[in-house]
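Quick note on numbering: the UniProt record's numbering labels position 584 of the sequence shown as 584, and the sequence is numbered without any gaps. Below you'll find the structure, written out as structure tokens, and then a few comments.
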Amino acid sequence: MDVEVKQQQALMRSLRVFVDTLRDIKKAEDASEANCNVMEAVRVLCGSPETLGGAQWHNEVWRRGLVPTFQRLSLCMTRLDQLEAQERKRTGPPTTRQAEKPKAPAGLLSLRDYSVLQAAVELLFCWGAHPRVAAGILMPIEKRKPTRTLEISKDVLMWGYRGYTRVIVDAELKSEGTMSGLLNITQAMLQLLSLPQFQPILLPKYVVELLALLVYGEVAMDTEVPSPVQTEFTRLLEMMLRVLPLRMSMSSLRAALGQTTSVANEQAVGQRFKAHCGNLLSRLLMEDGGIVATIEMLLGAVDEGNTQARMQVATLICQCPSGEDPEKYATALCTQVRGLLLAAVTPEKGNSSSKLLGEMAALLADQLATRHSALFDSQILSILFHPLLIYEDSRLDANFPVGETSEEALNRCVGIARLLLCGPPPSQRFLQALAPLIRSLLHMYAFAASSKSFLVAPLRALLTAWIRSCSNAALLLQLAILPVALPLQPTLLACGYERNFAQESWRPLREFCAGGGGGVSLRLLKPTSAIELDSTESLKALIMPLVELLGDKELENSEVVGDLFSSLLLTYMHVRKHGTTEAIDVNVKDKSAASPFALYEPMKSPTSDEGVEMVLMVLLALIECLGPSVLRSAATVLQCIGTVLETYNTPATRLVDTEKQDESVVQTADNEEDEGDEILTISLGVVMTVLEAGASHRSDSEEQQLRALLPVLEVLSRHPRPEVAELASNARAQILSRGATDAKTTRAGEQSFEEVLREAEQDLSSQLVPLRARGVVTLTKLVRRSHTHAHDADWTPRVHALAQVFLLHLHDSESYVFLAAVQGLAALADAHPDVAIPALVKALQDPQNSLESRIKLSEALLFAAKRCGDTLPKYGKLFVYAYLDCIRPHPSQRKRVQRIQKEAVKRIQLIQEIQSDAEKAATTETSQSEPESEQELLAAATLRASCLSNLAEVCALLQWGLQPFLLDVLTCVFGVLQLELELEAQRRPKPGATEDEQQKLWKHQVEEQQQRVVAVRRGAVFVLRYLIELLGWKILELMPDQLSPLYHTLKHVARVNRDRVVVFHANRALRALDEVMRAELFPRVEQQDAVFGISSLRIV
């Protein structure tokens, strides 16, 4: 061992002298002097005579100097390691004392020797290897970044490159001798750096250069049969790729590609070099762990939220290189992606999977499903989601392992599905590939919701994401509730799954059950229970969870609910018209039906009575639970209307329209004909409403739906019932004339006022709601076009006539008609305010009008006030005093109010007067003689509360114009709050009534009276709150004298009132008043500067 140690020291001493000599050579002005110093150092290292020429020194330095030294040093250090291993084997394990004081290895180098050796390796690469490689392949020497310990100038490093390239032309670089020399240099570097002592420290610094040299040596000579030199380069490259970690190999190859310049692209050898590096990267990517190494290499330094970069990397990985077999490449990717998905949801097995790898696995799965759908089905879908795919498998005798249907397996399926759907936005092709799982996931969610499993949240999240993203979600949701067996693609059937479509009736073969850990597992139904059990029980249990899922906040802006409702309605109407269809035989062996939706579309129509029942139950649940939100878009509304019109276009004669009594079918044609005509009339009325009162410009989908109604409207225009035929003809004409606004305006302008009024009155006299609504809308449009005649005297009687028509239809029982009349009155006041506003005020104050119509008039008057704009102060007195007059009690009830106020005063007196018997008798007689219709009293209180609310908005609109009427408004409001207190009703029970009946009557009377009083008090305190909040600091200028009583009244109401709404408004008003006063007393500096126009740059 001593001999080897001395030999190692001698070799290192020679290298040390050589490197130190070169380090002493600094950059000098005289290049020849530096050249002589370098050649002298080389001569000493090689032991050569001084008679050699300059070009020969460049060969001698590696042939007789560095390469033999590296080879001898490698052999010496290898021999030392072997001798030490034999010594350890001979002496046995170390003792405790020896372990406490370990002995250094015999061949261990010092830090100075490490720096010397690294400098020698750098010199060998720059002087020997770099000049023998074509230009543009390796990084230029002047751009290399040496370590701090190198301490050799760039001129010295460039010595060998300059001298060699002066005498060697480019053609000689590819010769056998040149490549043989390059092989010797590469072997010497690789042999030295692969030693155990240097591998962890020096090899990573030169792994890029070594791989570049090995790849270049393999492709430098373009020969049909590889030469021995090329074969040796290939052997060394394969050995190095085997030894190095996968990530280091891939990152080094990418670095070797990255250091090539544009010069290499112009040469054939440069193109071959880059192509071979790409092939090696692709081959490494296909190995186990290649995708992980690529992801960490490319995205390790990318921001977490950069989804675009991740999608680009996923696309790059899934693109098959030109030299690889696409199927083999995709199969290798599927295997690795499957492992990544499993690792992302099973961290307990020691798989450290980061969030980045999980998201990238989802993106890669998306790309694979899009590019290689068959392999995705067989390699990923059928393996990872096996428990969900066998849920409806037709085989009862198949022996599936217990672990494949256990709770753990289903938890894993849910985790992977959530990772795929709740991560980056999936593509439609990917969602289509996951379609076979949705029915099983929905049934699993229904069971989890009913059993309170912890899987409810993840299942709800992934199903919500799928419903929101999938364009065909409505089709799969409809199929999920039908008693049918869904077909599978041929690629999944080839994996061993079966679906039986020939069975007469659908029966569930498996069911979800509770797992031992709070999850869900799958079990096979027993044959007896499968026969006795209701086949649709599991489907019915899905309805309410499905409806609740569709009502999720995440789906508020989604149109899936409307699409599902429209599809179910269309299916039901189709069955109503044509009856149930025969069972469809799906030829799953047909290769053309590769898309799942192409297989599912024919199966959405029910083939049995149970299927029709399920469709109706889901329709009913959607209507009851989601209400109007089912139809969230106009296109869906028009589609549903078109479905109804198509169905009732001809009389139905099949399953749903017949009644079975004693095995005999009794047709109910007469009743159904009347029902059909009524449904047709309502549907056509909705179409007319959309066309008349709806937006003039609609989206392309809505216009398409309107155009789709033309054929059925043409048929209905010849309906035997005149009303239906007229509505259909008008609707068809309006659809055909959409866009021709000029023609419509010209036609309307040609008709006289009397003609339009006569046609509208004909519609208004109809018994059909749509026709009456059309009449009101026609008159409203006429009013809006008459704004140019605002000061025309001829229009004064017309305005009165129109007002009478609108007032008359305020009594209509249909909400759409009387609401349209309210809008008509508001439009009339907007177009002709001088005539219409006094007429509306007079009608509001007229006690002969019903209380219900006066409430609607109050709303119409508020709409008119809002449309007045800046001209509102001109009519402010009319508006304010009209509301104040309605807020006061009716003269017939004033005696009753005065008696109530008198009783209220007595309640707060300390000393109360005792009434005589005569006064008591008179009071009782008066109270009994007054009309006591609870309905009328409640309607009167509602009118007063409505007027108070509308008065508050008018006061806020008036702003400074409120000052002349402010005292009257506050007097009225204060009077309501101070005098109309919550009193106990005093009524004498009927003679002969029992004690219980007296108490019930007394409680009922108290509740009725409390309801009336509270309604008015709510309106009064709302007026005060609205004034303070909307006027703000203006109340200090408008009513400075009323601030004190305002504050005390609000404090008293908030303290003593029992109604929570009144107290809430009072507290909000006090809070707003407090903010106003604080802002006045303690103004902010910015506000003061803004008021006085002072700059915000203040001098402190």
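Glycine is no exception: its CB is placed at the ideal position from the N, C-alpha and C atoms. As the structure is a computational prediction, the values presented were derived from the model and not from experiment.
Hey, out of the options, whose CA is closest to residue i's CA?
i       : options                           : result
ALA945  : VAL1021, GLY876 and VAL215        : VAL1021
CYS334  : GLY775, MET286, LEU203 and THR307 : MET286
THR21   : GLY107, SER153 and CYS625         : SER153
CYS126  : LEU210, MET617 and GLN191         : LEU210
LEU555  : GLN336, GLN267, ILE467 and LEU616 : ILE467
GLY685  : VAL61, LEU550, VAL637 and GLY611  : VAL637
HIS811  : SER683, ASP794 and SER853         : SER853
LEU958  : LEU872, ARG1078 and SER683        : LEU872
ASP870  : GLY961, GLU936, ALA449 and SER175 : GLY961
VAL116  : GLU142, GLN432 and MET12          : MET12
MET297  : ALA34, LEU357 and ASN265          : LEU357
ALA120  : ALA448, GLN267, LEU241 and MET189 : MET189
TRP1033 : ALA773, ARG1078 and PRO1045       : ARG1078
GLN478  : LEU459, SER752 and ALA435         : ALA435
ALA473  : THR405, PHE597 and GLY515         : PHE597
SER175  : LEU825, ARG798 and VAL133         : VAL133
ALA10   : ASN500, GLY107, GLU726 and PRO720 : GLY107
PRO722  : TRP506, LEU768 and TYR572         : LEU768
SER450  : MET544, VAL61 and LEU421          : MET544
LEU364  : ALA344, LEU757 and CYS318         : CYS318
VAL690  : PHE753, LEU620, ALA773 and LEU757 : ALA773
If I measure Cβ to Cβ from residue i and keep anything under 6 Å in the same chain, skipping five residues before and after, which residues do I get?
i      : result
GLN230 : GLU218
GLY775 : ALA760, ASP763 and LEU764
LYS990 : Summary for LYS990: the model assigns pLDDT 48, below 50, so the residue's position carries little reliability; its value from the coordinates is reported in the next sentence. Closer than 6 Å at Cβ, skipping near neighbours: no residue.
ILE679 : TYR648
SER786 : ALA831
PRO508 : SER538
ASN730 : none
Which partner residues of residue i appear in the DSSP bridge assignment?
i      : result
CYS413 : According to DSSP, CYS413 bridges with nothing at all.
LEU522 : PHE512
Within the same chain, show all residues whose beta-carbon is closer than 8 Å to that of residue i, passing over the 5 residues directly before and after it, in chain order.
i       : result
GLN1011 : LEU938 and ALA941
LYS205  : GLN118 and THR147
Just to confirm before moving on: does the CB-CB distance between residue i and residue j stay below 8 Å?
i       : j       : result
LEU66   : LEU124  : yes
ALA860  : LEU878  : no
LEU1070 : CYS955  : no
ALA135  : VAL263  : yes
LEU1031 : LEU1050 : no
THR647  : ARG576  : yes
VAL547  : LEU463  : no
LEU455  : ALA446  : no
VAL44   : VAL5    : no
LEU388  : GLY519  : no
LEU340  : ILE416  : no
ILE295  : MET250  : no
LEU706  : ILE735  : yes
ARG698  : ALA634  : yes
LEU138  : ALA255  : no
SER608  : PRO483  : yes
Grab me the residues of residue i's own chain with a C-beta within less than 7 Å of its C-beta, minus the 5 sequence neighbours each way, in chain order.
i      : result
GLN428 : SER471
HIS372 : ALA330
GLY300 : none
HIS276 : VAL215, GLU218 and VAL219
TRP506 : PRO483, VAL484, ALA485 and SER535
At a cut-off of 7 Å, would you count residue i as near the ligand GDP, judging by its Cβ distance to the nearest heavy atom?
i     : result
PRO93 : Absence of the ligand GDP is noted for the structure shown, with no ligands found whatsoever.
Does the pairing of the stretch 559-570 with the stretch 437-445 give three or more beta-carbon distances under 8 Å? no
With a threshold of 8 Å, are at least 3 pairs of Cβ atoms found where one atom belongs to the stretch 369-381 and the other to the stretch 485-493? yes
Count the CB pairs spanning the stretch 73-82 and the stretch 187-200 that are closer than 8 Å, and state whether there are at least three. yes
For the stretch 137-149 and the stretch 89-97, state whether three or more C-beta atom pairs, one from each stretch, are separated by less than 8 Å. no
Taking one C-beta from the stretch 224-240 and one from the stretch 100-117 each time, how about it: are there three or more such pairs within less than 8 Å? no
Do the stretch 300-316 and the stretch 269-284 touch if we need at least three Cβ pairs shorter than 8 Å? no
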